[in-house]
Structures are given as C-alpha cells and as structure tokens.
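If you read the sequences in order, they're chains A, B, C, D, E and F.
Here the first sequence is numbered in our numbering, starting from 3 and rising by one per residue.
Here the second sequence is numbered in our numbering, starting from 3 and rising by one per residue.
Here the third sequence is numbered in our numbering, starting from 2 and rising by one per residue.
Here the fourth sequence is numbered in our numbering, starting from 2 and rising by one per residue.
Here the fifth sequence is numbered in our numbering, starting from 18 and rising by one per residue.
Here the sixth sequence is numbered in our numbering, starting from 18 and rising by one per residue.
We put the beta carbon where it would ideally sit given N, CA and C, even for glycine.
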Amino acid sequence: MSILHTVNKSTYERDTLEACVRLAAKGGSVLLIEDGVYSAMSGGNKSSVIENAKDLSFYVLGPDIKARGLGEDRLIDGIKVVDYKGFVELTVSNDSVTAWL
Amino acid sequence: MSILHTVNKSTYERDTLEACVRLAAKGGSVLLIEDGVYSAMSGGNKSSVIENAKDLSFYVLGPDIKARGLGEDRLIDGIKVVDYKGFVELTVSNDSVTAWL
Amino acid sequence: MKFSIQVSEGPYNHESSVTAINFVKAAVEAGHDIFRVFFYHDGVNNGTNYATPPQDDMNIQKTWSELAAAHDIDLVVCVAAAQRRGIVDEGEMTRNKKDGMNIMDGFRISGLGQLIEAGIESDRLVVFGD
Amino acid sequence: MKFSIQVSEGPYNHESSVTAINFVKAAVEAGHDIFRVFFYHDGVNNGTNYATPPQDDMNIQKTWSELAAAHDIDLVVCVAAAQRRGIVDEGEMTRNKKDGMNIMDGFRISGLGQLIEAGIESDRLVVFGD
Amino acid sequence: MSDAKKFMYINRKAPYGTIYAWESLEVVLIGAAFDQEVSLAFVDDGVYQLMKGQDTTEVGIKNFSPTYAALGDYDVNKIYIEKESLEARGLTLDDLQHLVWEDEDEDWAEKDSIRVVTSAELAEIFEQQDITLSF
Amino acid sequence: MSDAKKFMYINRKAPYGTIYAWESLEVVLIGAAFDQEVSLAFVDDGVYQLMKGQDTTEVGIKNFSPTYAALGDYDVNKIYIEKESLEARGLTLDDLQHLVWEDEDEDWAEKDSIRVVTSAELAEIFEQQDITLSF
C-alpha cells in the first residue's frame with residue numbers, strides 16, 4: 003500500500019509536517035498544499051524537516067506557491083510541482099490519502 | 003506600561019507561546035488559557051519554554067486546567083492559578099492586553 | 002473599568018466564544034462595564050438564531066443574547082464578515098434579497114468602525130480568537 | 002474512479018473549501034466521479050444561501066451549488082454539526098421551530114452515516130480541513 | 018468481514034480548545050454501526066483527549082471524556098497511542114483513561130483496548146488502512 | 018493628536034490559508050479614518066503577507082496583496098517587520114513589497130514605511146501601545 007499524505011500548514015507555525023514525516027512509512031508521497039507550501043522553501047531554519055526526510059517524495063501544489071509569491075527556483079531540491087490535475091493523479095496513483103490536520 | 007499577554011495554544015502544536023516569550027518585554031505577565039494550559043505542565047520536552055523565561059510571570063486559567071484533567075501539582079514551579087475573576091483582575095492591573103493568536 | 006471584547010471564532014468549533022462569555026460574566030460580576038462585544042471573522046456565527054445546540058451543552062448563541070439583555074451589552078456583528086458567512090438582519094435581508102434573516106436577539110450588524118471605536122472608548126480591549 | 006470529499010472548515014475563513022472545489026473540478030475534468038461531498042465541523046457553513054460575498058472574490062457557497070447541478074454531486078451537510086452552527090433546511094425548520102431556512106440549493110442535511118457510507122462506497126476519500 | 022474496509026481515525030488535537038476531538042468521537046460512534054474494521058490513533062496533542070479526571074464544570078461546557086469508555090461496547094477496541102507523543106509531553110499510560118472491551122470469543126474476558134506503539138509501528142499500521150479520517 | 022490612542026496590529030498568520038491577513042487589512046483601512054496612531058507588526062508567518070509577486074489566478078480567489086501598497090496613502094507608515102522572523106524563513110527585505118509614504122512636512126518626499134526591527138526592539142514598541150489587535 004502506498005499513501006499520499008497532504009500537509010496544509012507551515013512548519014514554522016505548526017507541528018503538522020513533522021508529524022507527517024515521523025508517521026509516514028518509507029516510500030510515501032507528501033503533497034504540500036495551502037500554507038503547507040511555505041515548508042517547501044529552501045534556506046529557512048526548518049527546511050531541514052524535508053531535506054532530512056530522504057525516504058519520502060515531496061510534491062507542492064503550484065497554484066498555492068504562485069498565490070504566495072514563492073518562486074519555483076526557491077524550492078528545496080527534488081520537490082516536484084503539480085497542479086490540481088496532478089493532485090488528482092497523485093490520489094489515484096497512491097492507494098489511499100491521509101490528510102495531516 | 004505593563005502588558006498582560008494571553009496564549010491559547012499548546013506549545014507542542016504551535017509557535018504561539020514561543021512568539022509571546024520572544025516578544026514580551028521583561029516584567030510582563032503571561033496568562034495561559036484554553037489549549038495554552040498544556041504548556042504549563044512540567045516534565046515535557048517543551049516545558050523549558052516557560053522555565054527559561056525568567057523575566058516573565060506566568061499564570062494559568064484554573065477552569066481550563068481542570069477541564070483537561072491537569073493537576074495543579076504538575077504545573078511548572080512558580081506558575082500561579084487564577085479563575086475568570088483573576089483573569090479580569092490581571093487585565094485591570096496591567097495597562098493593556100495582547101492576545102497571541 | 003470599561004471593557005470591550007473581540008471574538009474572532011465561531012461558536013462550538015473553538016473555545017474562544019466560551020472563554021469570552023466567562024470573561025464577560027466575571028467582569029460584570031466585578032462591577033465593570035462591557036461597552037461592546039465585536040464579532041469578527043467566523044466570530045459572526047455567534048449571532049445566528051438558527052442554531053439548535055445539544056441540550057446537554059452550553060447554548061452559546063443564546064447565552065450571548067441573555068447576557069446582552071441582562072447587562073445592556075452592545076453585541077456587534079461585523080457586516081463585511083457577516084456577508085461572507087451568511088448572517089443576515091432585516092436591513093441585509095432587504096438589501097441583498099434574502100428570503101429570511103437569522104440574526105439573534107440582542108445582536109446588531111454594523112461596520113468595522115465599531116471595533117475601532119470600542120478600542121478608543123474602552124479602557125481595555127481583550128481579543129479571543131484562534 | 003469514485004471519489005468522496007470531506008470539507009471540515011467554513012468558507013472564506015480557511016482555504017479548505019477552495020482547495021476542495023478546485024480538486025473536485027480537476028477530478029471531474031479527468032473523468033472521475035464525485036460520489037459525495039460531506040461537510041462537517043464548521044464546514045457546514047459552506048451550505049448557507051444567506052451569504053453575499055464580495056463580487057471580486059469567489060462565491061464559494063454558490064460555486065458548490067453550481068458544481069452539484071452540473072455534475073450531479075451529492076452535497077451533504079452533517080445534521081449534528083449543522084444544528085450547532087445554524088444551518089437549517091425545511092425539515093429542521095419545522096422540527097426546531099425556526100422562522101426560516103438557509104440551506105443552499107443542491108445541499109441536503111443528513112446524518113454522519115453518510116460520511117461512513119461515502120468511505121465504504123468510494124475508491125478514495127480526501128479530507129480538507131485545518 | 019471480508020468486504021469490510023479498514024477505517025483509521027487519526028486524532029491529533031487537544032480537547033475543548035477546538036471541537037474536533039468531540040466531533041471525531043461522534044463519527045466513531047455512528048460509524049461503529051457499519052461493521053467495518055475500525056482503529057483509532059491518538060498522536061501529538063491528541064493524546065490529551067484521554068487524560069483522566071477531566072472536569073469542565075467551571076468552564077460550563079459538556080465533558081465528553083466519559084464517552085471514550087463506551088467505545089469498547091461498540092466493538093471499537095483498537096486504540097493506538099503513539100509512545101513518542103506521550104513521552105514528549107511527560108505523560109505515561111497511567112495519566113490516561115483505562116479503556117477496555119469484552120472479548121466474546123473468550124467468554125467475555127475483559128481486555129485492554131489501548132496499545133502504546135512507536136512511530137515506526139504506527140506508520141506500518143497506517144499503511145494497512147483503506148480510509149483515513151483526520152481530526 | 019494628544020487624545021489619540023496608539024493602535025498596534027499584530028499580524029502573525031500567512032495569507033490565503035486563512036482569511037485573518039485579509040480581514041486584518043480591512044480593519045486597518047477602516048481604522049485609518051479615526052485619526053489614531055497606527056502601527057503594524059509582521060512577525061512569524063505574518064511576514065509572508067508582504068511577499069512580492071503574489072498571483073492567485075490559478076486558485077481563483079482574490080489577490081489582496083496590492084492593497085498593502087495603499088497603506089501609505091492612508092497615513093499608515095509605521096510597519097515593523099521582525100528581523101528574526103525574516104531570517105528564520107530564509108527571507109530578506111528584497112523578497113517583500115517596497116512600501117512607501119509621502120511626508121507632507123518634507124514637501125511630500127517619499128519615505129520607506131517598513132522598518133526591520135529585532136525582537137527586543139519590537140518588544141519595546143509593543144510596550145508603548147494602548148490597544149493591540151491580533152490577527
């Protein structure tokens with residue numbers, strides 16, 4: 003079974019992303035949406051939360067990074083950008099979806 | 003001027019208490035209410051947020067700790083318990099109130 | 002002393018409304034005046050009379066209404082926030098062509114200036130939110 | 002594939018409703034079925050027809066209604082959550098003696114069982130909340 | 018039960034500050050009628066939901082914590098608590114309600130419903146679920 | 018202005034994920050008509066509110082970020098940004114909108130509205146306020 007995890011809060015504000023990373027099994031996919039996309043930026047104190055989670059694949063919702071003025075060039079290496087269509091595809095290609103609220 | 007600061011979120015979940023402690027001037031009072039009262043418990047990984055803030059006085063709302071099953075004996079040393087009447091008195095004895103949301 | 006209160010979250014979903022109610026009760030008991038309670042963001046949902054909460058829990062919307070009547074407290078719902086969320090009084094009903102209205106007794110809908118005025122007129126402004 | 006969606010926050014205050022709407026649109030465009038959208042917690046406030054949002058922003062409540070009509074989507078508001086927050090349909094109006102009702106076209110009020118059933122009947126359940 | 022789906026409820030929020038804990042429990046109770054395989058996980062501040070001795074009298078709102086004790090009667094008996102979350106908060110199992118169920122297959126012997134598991138174990142349990150509801 | 022109160026707006030939340038940022042700005046704009054002394058502070062995720070280049074087209078909601086540029090016209094020109102919050106997020110002042118106002122007393126010279134301050138400096142500024150509104 004593979005799980006798509008969604009995280010919608012900034013890791014600077016809440017413990018949500020850290021919970022997800024701790025409790026997601028190896029090989030899982032994590033999609034950052036809404037305020038969760040701030041966690042995808044490189045160069046911050048908490049960029050290491052994602053940088054250290056080598057066993058997971060990270061995605062970020064493009065419309066949400068554009069809304070917030072974050073350039074794709076500032077994303078942590080290896081994070082893939084998807085649109086809503088890509089979000090739907092990730093829910094299909096994984097076996098289930100867990101929202102970290 | 004003296005400020006009463008209120009914090010209503012658990013320091014395990016959010017960055018609210020840390021923001022308050024960082025941005026409250028020496029001599030200020032901090033009242034923990036609602037889910038903020040969890041931060042007042044001793045023996046946790048984040049008890050140090052309060053323990054290290056020696057320049058501030060900490061209060062906790064009694065009705066909210068009882069609601070959550072937290073015994074007064076488990077509070078970090080030096081934290082005073084007040085009821086809603088005491089909450090009102092703190093807003094009067096300080097010059098203004100800042101809610102950390 | 003003269004207090005005003007801002008409530009920024011809706012009833013039940015967050016404890017803010019309950020804490021604000023308990024604070025207002027304690028302030029009144031201590032002899033203070035509550036000049037105004039201003040409901041903003043989802044806080045406007047405190048002002049609905051369409052709710053039917055479980056009988057074994059606090060009826061938050063009704064408690065506000067009773068407090069207002071007993072202690073002459075001005076309960077103001079922000080009009081801009083109310084329009085986004087669907088709190089309607091008679092004026093809003095007519096203006097925006099709604100089939101009914103759901104404002105609770107004791108609440109009134111008005112502008113954000115009422116919050117600033119509350120800050121100016123009161124000795125203390127206390128904010129309850131998320 | 003058959004999807005169901007849970008929306009746990011009210012419109013405007015949180016982005017959840019908007020993300021859910023954009024997800025539903027993309028799923029429908031990709032040829033998937035949306036079996037049900039279940040509104041829980043403050044999410045029930047998506048189902049009000051009393052709102053008059055600013056004209057330069059998305060009308061969230063109306064967008065749901067239009068999506069339901071265009072793609073035959075079952076929009077269910079949880080009755081227990083709705084009673085706490087004041088979302089009323091004709092049945093609730095009569096039962097709880099309210100002066101009016103504010104349920105949006107295309108929404109219906111029903112029990113929590115509808116959420117469990119959605120989980121059982123669908124290939125994927127996606128939750129949007131806070 | 019071969020057609021039954023595995024439902025997991027993840028509870029990550031403290032009680033009373035927000036309603037998620039209580040409204041989550043309402044879903045679990047209704048859901049119990051559907052004959053699916055149900056598990057609950059309490060992680061992060063969610064572990065506070067099970068604290069003993071909750072008394073909401075002075076706040077004036079409903080104390081829903083006694084309802085957790087009824088879960089066993091609804092055949093909800095897979096209740097996972099993350100060890101790391103307990104420890105981070107300076108809590109032990111003794112701080113939490115003791116939840117039990119009666120095993121029909123063993124002459125209604127009373128058994129513990131709560132299992133303390135590590136993050137790694139919980140991650141594996143999450144992988145086996147069909148539906149995850151998050152509160 | 019001797020009777021004027023000092024109003025401080027503390028903005029600690031990111032835009033779009035929740036409405037607080039936008040509804041806070043609505044208060045500031047209305048409040049500007051009241052001839053009080055107004056300051057805004059952006060701390061923690063609140064600093065993201067001022068990011069340049071916001072474009073909400075694909076999300077389909079209103080982009081309110083251009084409104085910050087109007088603050089100067091409303092005589093709101095004391096805008097404090099916490100240095101520590103910027104640095105923690107790997108941001109610099111260049112990432113943020115350049116907000117200015119025109120000083121009537123100096124022949125309408127254009128001046129910066131934004132002042133980057135340390136936590137300690139901001140704590141002192143907070144101490145001088147009469148009313149603090151938190152968003």
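Residue burial is scored here from C-beta neighbours: K69 (chain F) has fewer than 16 other C-beta atoms within 10 angstroms and is therefore classed as exposed. About 15 Å separates the beta carbon of D106 (chain D) from that of G101 (chain C), a gap too long to meet the 8 Å contact definition.
Judged by DSSP in its simplified three-state form, L113 (chain D) adopts coil rather than helix or strand.
Within 10 angstroms of the beta-carbon of R96 (chain D) lie fewer than 16 other beta-carbons, which makes it exposed. Linking I52 (chain B) to Q56 (chain D) through their CA atoms gives a straight-line distance of about 46 Å. Distance from the Cα of Q115 (chain D) is smallest, within the candidate group E:G34, E:A50, E:A21 and E:R29, for E:A50. Taking CB atoms only, D34 (chain D) has no neighbour in chain A less than 8 Å away. Against chain F, a Cβ distance below 8 Å from E36 (chain A) picks out Y33 and G34. Within chain D, the residues placing a beta-carbon under 8 Å from that of K87 (chain A) are A27, E30 and A31, ordered along the chain.
Here K30 (chain E) is buried. Its C-beta has 16 or more other C-beta atoms within 10 Å. For R37 (chain C), the closest Cβ of chain B is not nearer than 8 Å.
Using a CB distance below 7 Å, the part of the segment 102 to 121 of chain E facing chain B consists of A105, R106 and G107, ordered along the chain. Taking 8 Å as the cut-off, the beta carbon of Y97 (chain E) is found closer than this to the beta carbon of L57 (chain E). At least one C-beta of chain C is nearer than 8 Å to the C-beta of T49 (chain D). Proximity of chain F to G130 (chain C) at the Cβ level (cut-off 9 Å) is accounted for by Y37, S151 and F152, in chain order. Annotation: the continuous alpha helix (DSSP H) that includes K26 (chain D) extends over S17 to E30. A straight line joining the alpha-carbon of H72 (chain C) with that of A82 (chain C) spans about 26 Å. With its beta carbon at least 8 Å from every one in chain C, K95 (chain E) lies outside the interface. For M43 (chain B), there are no C-beta contacts with chain F under 7 Å, since the nearest C-beta of that chain is about 24 Å from it. E40 (chain F) and K128 (chain E) have their C-alpha atoms spaced approximately 52 Å apart. Put simply, the segment 8 to 15 of chain B does not touch the segment 38 to 57 of chain A. Fewer than three CB pairs are less than 8 Å apart. The beta carbon of V94 (chain A) falls within 8 Å of a beta carbon belonging to chain D, placing the residue at that interface. Put simply, the CB of D17 (chain B) is near chain F, with a gap under 8 Å to one of its CB atoms. When C-beta distances to chain A are compared with 7 Å, the residues of the segment 55 to 86 of chain F below that value are D61, D62, Y65, M68, K69, G70, Q71, D72, T73, E75 and V76, in chain order. If you draw a straight line from the Cα of I117 (chain C) to the Cα of G48 (chain F), it is about 6 Å long. DSSP places E15 (chain B) outside both helix and strand once states are collapsed to three, so it counts as coil. By the rule that beta-carbons nearer than 8 Å mark a contact, L103 (chain A) touches chain E. Excluding sequence positions up to five before and after M43 (chain B), its CB lies within less than 8 Å of the CB of S49, L72, R76, L77 and I78, all in the same chain and listed in chain order.
For S31 (chain B), the nearest beta carbon of chain C is not closer than 8 Å to its own beta carbon.
Taking C-beta atoms as the reference points, D37 (chain B) and P65 (chain B) fail to come closer than 8 Å. In this model, V23 (chain A) and E75 (chain E) are separated by some 38 Å (Cα to Cα). K22 (chain E) is a Cβ neighbour of I121 (chain D), given a cutoff of 8 Å.
Note: V94 (chain B) is not bridge-paired with any residue in the DSSP secondary-structure output. For H42 (chain D), there is no enclosing alpha helix (DSSP H), since its DSSP letter is neither H nor E.
The beta-bridge partner set that DSSP reports for W102 (chain B) consists of B:V9. Taking C-beta atoms under 8 Å as the contact rule, Q66 (chain E) and F59 (chain E) qualify, at a distance of about 6 Å.
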